[in-house]
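In mature numbering (1 follows the signal peptide of the UniProt record, and there is no 0), the protein residues as written are -16 to -1, 1 to 498.
Structure below.
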C-alpha cells in the first residue's frame, strides 16, 4: 500500500513538472493564439454558425433579449423539461421561460434553429454609475450556415412581432389621462395612467347584433391592415364618431373596442389643454396600438359655433381672419384661457401630426351631433358614424341574458310578444333597462314583470307627449292661418303710419320754399 502512494506521488510530480515545462515553452499568449486558430479551423469546416444575444448591451437593456425571452415562453411551456416562471410588471399572467443553460429547438419555415440560455457569473466590477447584475445572461442562437440569410432577414422580425403580440395579450391595458394644466409627471410624461379593468366586451354590449358584427369586422380589418394602408399611402389610423342620447352605451362601446383589440386608451380632456401646440405634444406622447378618446366633444370647449358667429356678424368678414379659417377662438376670459382652435383639432385628427404614430384609433362621442362642425364629421377624420340608439328588441334580449341568464326560450311567448311590441315605443336606454333588472335580479320573474311594466308606462307617456305636441302644433298652424286670413280681408287704413310722416315732410318743405 505504501508503494502505491509513493508511485502516485511520483506520477503527480512528473505531471507538475511537465505542466511547468509547457508553461515555459508555451506561454499564455501562444496558447491563446493556438486556441484562436483552432476555433477558426473548426468554424471553417463546421456547418453551423452562432449568434449571441446578451441581456445588457453596454449599459442599456437589449430589447431583442426580452423579445426572445417572451417568444420562447410560448413554446417552452409545452416542449421544455426544466422551466422558469416569471410574472412581469402590469401583467395578469405567469409566463414560462428557459432555465439556466437549457436548450430548445424551434422551427421557422421548415428550418430548425437551436436556442440556448447561457448564464455565467460576471467578473468583479469596477466602479460604475449603474451597477450590472451579478449574473451575465444571454441567448445563443445556433443555425446552419445555409439558412443564415433567412434567419437574419425574416426570423428575428418574426420573433419581435410574436413577442409584441404576447406582451399585449398578457399585459394589462392602461387608461391614460392628460395631466392637469399640462404638467408633467415624475418621469417627464404628460400622461398619467391607471390599469384598465373595464369588463365590457362586444358579447355583453346591448346593441343590434348586425351592427355589432359590422363594427367588429371593421376593427379587425383596421388592425390587420398595415400592408393595405402602406400600399394606399394612407396614415394607419381610423376615426369613429359615437352619437346618441345619454345612457345608450357610448363609453361601454369604447371599452369593448379596447378589450377586443387589446389597445390602451388615452382619455383626452380638452379643457386641460391650453393651445394647439400642447395638443400636438400630447399626440406625440401617445403609443401605437391605442385609442384616443374625446368624450362629449360638443361640451368640451367652444369649437362648434362657427356658423352662429357668421350669422350674428352682419359686417363682411375677411377670409384671412383667423376665426374664418380656424373656427371660433375663445377670448382671454373664456374656457379658462383655453385657445384651442378648430383648425388645431382637425390637424390633431387628420393633419401631418396625426401620422407620427401608427395603428391608432380616434373616437369622439357626443349627445348632439347637430352641434358639431361639418369639418369634424367628414371621412378621413370620423370615418365611421355609429348611432347609439334606444334599446331595441335584440339589445333587450342581450340585457336579459347578461343580468338574468334568460334566453328567448326561457320566456313565455306572450311575454316576448308584449316586449317586442312595446320596447321601440318606450324609447328607454340600455342604462335605464339595466337599472330595472339590477334592482330585481334576486327574483327573475319579478324582474321581467317590472321591466314590462316600466316599458308600458314609458310608452304610454311618450304617446301622450307626442299627442299633446301634435295638438299644439296644429293649434299654432290654425292660429297663423287665421291671422293671415284677417290681414288679407281687412281694408287698408286711410292714415297709415307711413303716410303721416310723409305729410309732415311735405308741409316742412313748403314752409322752407316760402
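C-beta atoms are modelled at their ideal positions from N, C-alpha and C, and glycine is treated no differently. From a predicted model like this one, the values you see are computed outputs, not experimental measurements.
query                                                                                                          : result
For residue 368, the residue or residues it bridges with in DSSP                                               : 224
Spatial distance of residue 200 from residue 105 (CA atoms)                                                    : 51 Å
Separation of residue 179 from residue 388, as counted between CA atoms                                        : 29 Å
Proximity below 7 Å, CB of residue 350 to CB of residue 231                                                    : no
Chain C contact for residue 374 (CB, 7 Å cutoff)                                                               : Among the chains of the structure shown, chain C does not appear; only one protein chain is present.
Residue burial classification, residue 320 (beta-carbon count within 10 angstroms, cutoff 16)                  : For residue 320, the predicted model reports a pLDDT of 49, less than 50, meaning its position is unreliable; a value from the coordinates is still stated below. Exposed is the call here.
Nearest-angstrom beta carbon gap, residue 38 and residue 122 [assumed within contact, 8 Å]                     : 4 Å
Same chain, Cβ closer than 6 Å to residue 212, five either side skipped, listed in chain order                 : none
Length of the line joining the Cα atoms of residue 91 and residue 141                                          : 14 Å
Meets three-Cβ-pair contact criterion under 8 Å: the region 332 to 352 and the region 181 to 192               : no
Euclidean distance between Cα positions of residue -5 and residue -11                                          : 10 Å
Euclidean distance between Cα positions of residue 417 and residue 435                                         : 7 Å
Whole-angstrom distance between residue 82 and residue 103, CA atom to CA atom                                 : 11 Å
Residue environment, residue 274, which counts as buried when at least 16 other CB atoms sit within 10 Å       : buried
Simplified DSSP assignment, three categories, for residue -11                                                  : helix
Assigned exposure category for residue 224 - 16 Cβ within 10 Å defines buried                                  : buried
Selected residue, minimal CA-CA separation from residue 235, among 280, 177, 40                                : 280
Residue 320 in three-state terms, based on DSSP                                                                : With a pLDDT of only 49 at residue 320, under the threshold of 50, the placement of this residue in the model should not be trusted; the figure read from the coordinates follows. Helix, per DSSP.
Inter-residue Cα distance where the pair is residue 380 and residue 366                                        : 28 Å
Element boundaries [alpha helix (DSSP H), containing residue 378]                                              : 377 to 388
Exposure label - residue -7; buried when at least 16 CB within 10 Å                                            : exposed
Segments of 3+ residues assigned as beta strand (DSSP E) that fall wholly inside the region 196 to 247         : 221 to 227
Residue 162 (DSSP reduced to helix, strand or coil)                                                            : strand
Nearest-angstrom Cα separation, counted from residue 392 out to residue 400                                    : 8 Å
C-alpha gap between residue 100 and residue 136, whole angstroms                                               : 17 Å
Classification of residue 371 by the beta-carbon crowding that lies within 10 angstroms, buried from 16 upward : exposed
Which of helix, strand or coil DSSP assigns to residue 264                                                     : helix
Simplified DSSP state of residue 96, which is helix, strand or coil                                            : strand
Buried or exposed by the 16-neighbour rule on C-beta atoms within 10 Å, applied to residue 268                 : exposed
Proximity below 7 Å, CB of residue 247 to CB of residue 147                                                    : no
Member of 385, 206, 120, 444 whose CA lies at the smallest distance from the CA of residue 407                 : 444
Rounded separation between residue 323 and residue 355 - CA only                                               : 20 Å
Beta bridge counterpart(s) of residue 125 as assigned by DSSP                                                  : 35, 99
Helix, strand or coil at residue -1 according to DSSP, with G and I counted as helix                           : helix
Whether residue 439 touches residue 410 by CB criterion (7 Å)                                                  : yes
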